[in-house]
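>
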Amino acid sequence: MNSPYFAGVDVGSLSTEAMILDTTDEPVSYSIIQTGANSIDAASESFEKALAKSGVSQDQVKSIVATGYGRISIPFADKRVTEISCHALGAYHLFPDTGTVIDIGGQDSKVIRVGDGGKVLDFTMNDKCAAGTGRFLEVMADKLQVSLNEMGPLSLKAGGEVSISSICTVFAESEVVSLVAQNHPKNEVIRGLHRAVVNRVWSMIKSIGVHGAVTMSGGVAKNSGVVGLIEERLGKPIHVHPEPQIIGALGAALLAKKNFLRASP
Amino acid sequence: MTRREYLSKQKEMGRNLIGVFPAYYPKEILWAFNAVPAEIWDPPLEIAGANAHLQPYICSVAKLGLELILQGKGDILDGLLFPHTCDSIQNLASIVYDYLGLNKPCYFFYHPKAPYRNSSRTYYLEQLRSFVSRLEKDMGPLDGGELKHRVEQGHHLAAILREIYDLRSQGDFSASNAEFYRVIRQGEYLHPDDFIPLLEGFLGRSKGGDGKGSAVILSGILANPPEILGLLDDLGVRVANDDLLNCGRRLLMEPGRMEDPFEALTANYFAMPPCTTKDSPLDERVNDLLKKIEKSSTKGVIFYMVKFCEPELFDVPQMVAAVKTAGVATLIIDVDLNQGLSGQLTTRVEAFVEMIS
Chain A
313 MNSPYFAGVD VGSLSTEAMI LDTTDEPVSY SIIQTGANSI DAASESFEKA LAKSGVSQDQ
373 VKSIVATGYG RISIPFADKR VTEISCHALG AYHLFPDTGT VIDIGGQDSK VIRVGDGGKV
433 LDFTMNDKCA AGTGRFLEVM ADKLQVSLNE MGPLSLKAGG EVSISSICTV FAESEVVSLV
493 AQNHPKNEVI RGLHRAVVNR VWSMIKSIGV HGAVTMSGGV AKNSGVVGLI EERLGKPIHV
553 HPEPQIIGAL GAALLAKKNF LRASP
Chain B
-15 MTRREYLSKQ KEMGRNLIGV FPAYYPKEIL WAFNAVPAEI WDPPLEIAGA NAHLQPYICS
45 VAKLGLELIL QGKGDILDGL LFPHTCDSIQ NLASIVYDYL GLNKPCYFFY HPKAPYRNSS
105 RTYYLEQLRS FVSRLEKDMG PLDGGELKHR VEQGHHLAAI LREIYDLRSQ GDFSASNAEF
165 YRVIRQGEYL HPDDFIPLLE GFLGRSKGGD GKGSAVILSG ILANPPEILG LLDDLGVRVA
225 NDDLLNCGRR LLMEPGRMED PFEALTANYF AMPPCTTKDS PLDERVNDLL KKIEKSSTKG
285 VIFYMVKFCE PELFDVPQMV AAVKTAGVAT LIIDVDLNQG LSGQLTTRVE AFVEMIS
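Which chain is which? The protein sequence lines are A and B, in order.
Just so we're aligned: the first sequence equals residues 313 to 577 in my numbering.
Just so we're aligned: the second sequence equals residues -15 to 341 in my numbering.
(1) Run the CB neighbour count on Ser375(A), radius 10 Å, all protein chains shown included, and call it buried at 16 or more, exposed below.
(2) Quick one: Cα of Leu546(A) to Cα of Ile352(A), how far?
(3) Identify the contact partners of Asp415(A) in chain B, using a Cβ-Cβ distance below 9 Å as the criterion.
(4) Quick one: which chain B residues come within Cβ less than 7 Å of Ser397(A)?
(5) Tell me which residue opens and which closes the alpha helix (DSSP H) that Leu183(B) is part of.
(6) Under 6 Å Cβ to Cβ from Gly3(B), same chain only, skipping five residues before and after it: list those, please.
(7) Which residues of chain B have a Cβ atom closer than 8 Å to the Cβ of Thr579(A), listed in chain order?
(8) One question on the structure: do Gly444(A) and Arg512(A) come within less than 8 Å of each other, judged by their Cβ atoms?
(9) If Ala142(B) sits next to Leu236(B), beta carbons under 8 Å apart, how far is it from one beta carbon to the other, in whole angstroms?
(10) Going along chain B, which residues have a C-beta under 8 Å from Val432(A)?
(11) Quick check: is any heavy atom of the ligand MN less than 7 Å from the C-beta of Val323(A)?
(12) Compute the Euclidean distance between the alpha carbons of Ala335(B) and Gly417(A), then round it to the nearest angstrom.
(13) Is the beta carbon of His405(A) sitting closer than 8 Å to the one on Asp415(A)?
(14) Only counting the same chain, and skipping five residues up and downstream in sequence, which positions put a Cβ closer than 8 Å to that of Arg337(A)?
(15) So, with DSSP's three-state summary, where would you put Ser421(A)?
(16) Output the boundary residues of the alpha helix (DSSP H) element that contains Gly63(B).
(17) Let me make sure I understand the geometry here. Which of Leu14(B), Asp320(B) and Leu202(B) has the alpha-carbon closest to that of Phe115(B)?
(18) Please report the residue range of the alpha helix (DSSP H) in which Gln111(B) lies.
(19) Beta-carbon separation of Asn230(B) and Ala7(B) under 8 Å?
(20) What are the boundary residues of the beta strand (DSSP E) that Gln346(A) is part of?
(21) Would you call Ser44(B) buried or exposed, if buried means 16 or more other Cβ atoms sit within 10 Å of its Cβ?
(22) Using only CA atoms, which one of Arg447(A), Leu491(A), Ile502(A) and Tyr317(A) lies nearest to Gln372(A)?
(23) Is the beta carbon of Ile559(A) closer than 8 Å to that of Gly537(A)?
(24) Measuring only the C-alpha atoms, how far is Lys112(B) from Arg234(B)?
(25) Between which two residues does the beta strand (DSSP E) containing Asp322(A) stretch?
(26) By Cβ distance, which residues of its chain are closer than 7 Å to Val221(B), with the 5 residues on each side in sequence left out?
(27) Comparing alpha-carbon positions, which option in Ala207(B), Val135(B), Ala305(B) and Val167(B) lies nearest Ala342(B)?
(28) Under a three-way DSSP split, which group does Asn225(B) fall into?
(29) From which residue to which residue does the alpha helix (DSSP H) around Cys398(A) run?
(30) Out of Phe407(A), Glu360(A) and Ser475(A), which has the shortest C-alpha to C-alpha gap to Val492(A)?
(31) So what does Glu268(B) bridge to, in DSSP terms?
(32) Could you spell out the range, first to last residue, of the alpha helix (DSSP H) harbouring Ser44(B)?
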């Protein structure tokens, strides 16, 4: 019998990730695509892309766990697990000293307290509003006519910082328009926006507390400006994987393996 | 039969219908006047007109109640009763009574708040008598024998509810969460002559159960949207007990056995579990919740908040801390009523269940 493989598919509001793992828990391949309007199509496409990269056939994948907000609609998944459990496990797998995970995704943010083995001990999550999430930064990047990837490096070059009074995406957008009209340097406005994001997540961090090493996951972890401000506030460095978006899918793939082993005699 | 159909039938039978705002009131007195209290917690309405009368930071219990009146959905009612539950309900009473020009009698009931002293009992007794005097003006003289009968009926009803709750907390009651609260909440508008047989039938057919699955306790005002209960059912989680204002907090623990029905009703009021809307001391609330947790081997408490419910929100941080110290997981949910299950709410509940499983 060929070695079995396991997959995790994380369908988020903005991006969808798939991860293929082998029996040694080593990632074989992964893919990241935009979710678009159809989460089932996104899940299928992402999974197929990861399979194509790995050279593993679908038959060899013995267990698939779906996570993310679109988890309920993925027909080929064997099990569905929340992204909170998956991010905790994925972060713990990559950085075993992780005690706290900060996940800022496309439309929500979470702070998770992680225990031994990557188990969730406590968590908090923002409510319905997408303020201070990836979508917030995306809207602001568009308004400032910079790419999302440029925001971090630009803010690090800022000599000062403009205060953004609102974290509401709608109000902050108007505020940014006014600040641009007042000729405030773009990088200082961006740094102010990053500060607003960090202030928002900070209240969640305080409600859970900081335990052990902190790992950041989700797309916003790619923003060096936000990461730097969180580190400054925490007074210590945090773990950031080069591909922080895949942590949920990694956790899901690890659970898929566990699921398979539990079911196998 | 829908709630409205039932209430229409009650009216046809010659009973007065009294719309009652949350939460504590002597329903036995209304029964004795041949009236049916129809409680107003979360009518399924879109809030439109109420926003013109109430500030944005008023809870949706008060807003939906006002909306019911403004939309004319309460036309079937013969009167309204406003217990002094919180500032929002108190202000609502003022808006409805003083400003809306409603052509219906409005009744007010001021129950004492903690800390209780001997004078609190005297005060409560006076409130009962004053409430009766006010009702007599509209409904005729109270039959003392009928009141005694209804007080005894209330005790019988409470005994059945206690048995159901006890079985539930021990895992010996097979009804799903959704079914359990669907039946219990019918007590918010059914006449006791109908509610008691309903509960007896429910008890008879649901006794026994395997007690499997993780157990949680709900704390807060009311479990709305009801889909939350279905979600917990789907996840194999049993709501083993509750500290909800519309359910468990109104469960009479030790009925007053006095000969005088007013004395018995007074004893009843002070024998109910502690509650934020009665200003109960925090340690009493914590002890009550910890006892419930211990009795039902609960792994988690879901604090199910109605947004902007001030009395409830004041206690939550200390309640959460006490429950966590006892080694039990907590989840705080903050919702507007009748908003359905959002993806984020579902994720929070599912993640909580994964955490305690």
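Glycine residues also receive a C-beta, built at the ideal position from the N, C-alpha and C atoms.
The relevant details are as follows:
(1) buried
(2) 38 Å
(3) What Asp415(A) touches in chain B: nothing, since even the nearest Cβ is about 12 Å away.
(4) Ala335 and Glu338
(5) Pro176 to Ser190
(6) Ala22, Ile24, Gly58, Leu61 and Leu64
(7) Since the displayed chain A opens at 313 and closes at 577, residue 579(A) lies outside it and no answer follows.
(8) yes
(9) 4 Å
(10) Ala335, Glu338 and Met339
(11) The model on display carries no ligand, and the ligand MN is accordingly not part of it.
(12) 16 Å
(13) no
(14) The question names Arg, but residue 337(A) in the sequence shown is Asp. Cβ within range, chain order: His405, Leu566 and Lys569.
(15) strand
(16) Element bounds for Gly63(B): not the alpha helix (DSSP H) but the beta strand (DSSP E), Gly63 to Pro67.
(17) Leu14(B)
(18) Asn102 to Met123
(19) yes
(20) Pro339 to Gln346
(21) buried
(22) Tyr317(A)
(23) no
(24) Here residue 112(B) is Leu; the residue named in the question, Lys, does not match the sequence. About 17 Å.
(25) Tyr317 to Val323
(26) Gly197, Ser198, Val200 and Val337
(27) Any answer about residue 342(B) is impossible in this case: the structure gives chain B only from -15 up to 341.
(28) strand
(29) Glu395 to Leu406
(30) Ser475(A)
(31) Paired residues: none, contrary to the question.
(32) Ser44 to Leu54
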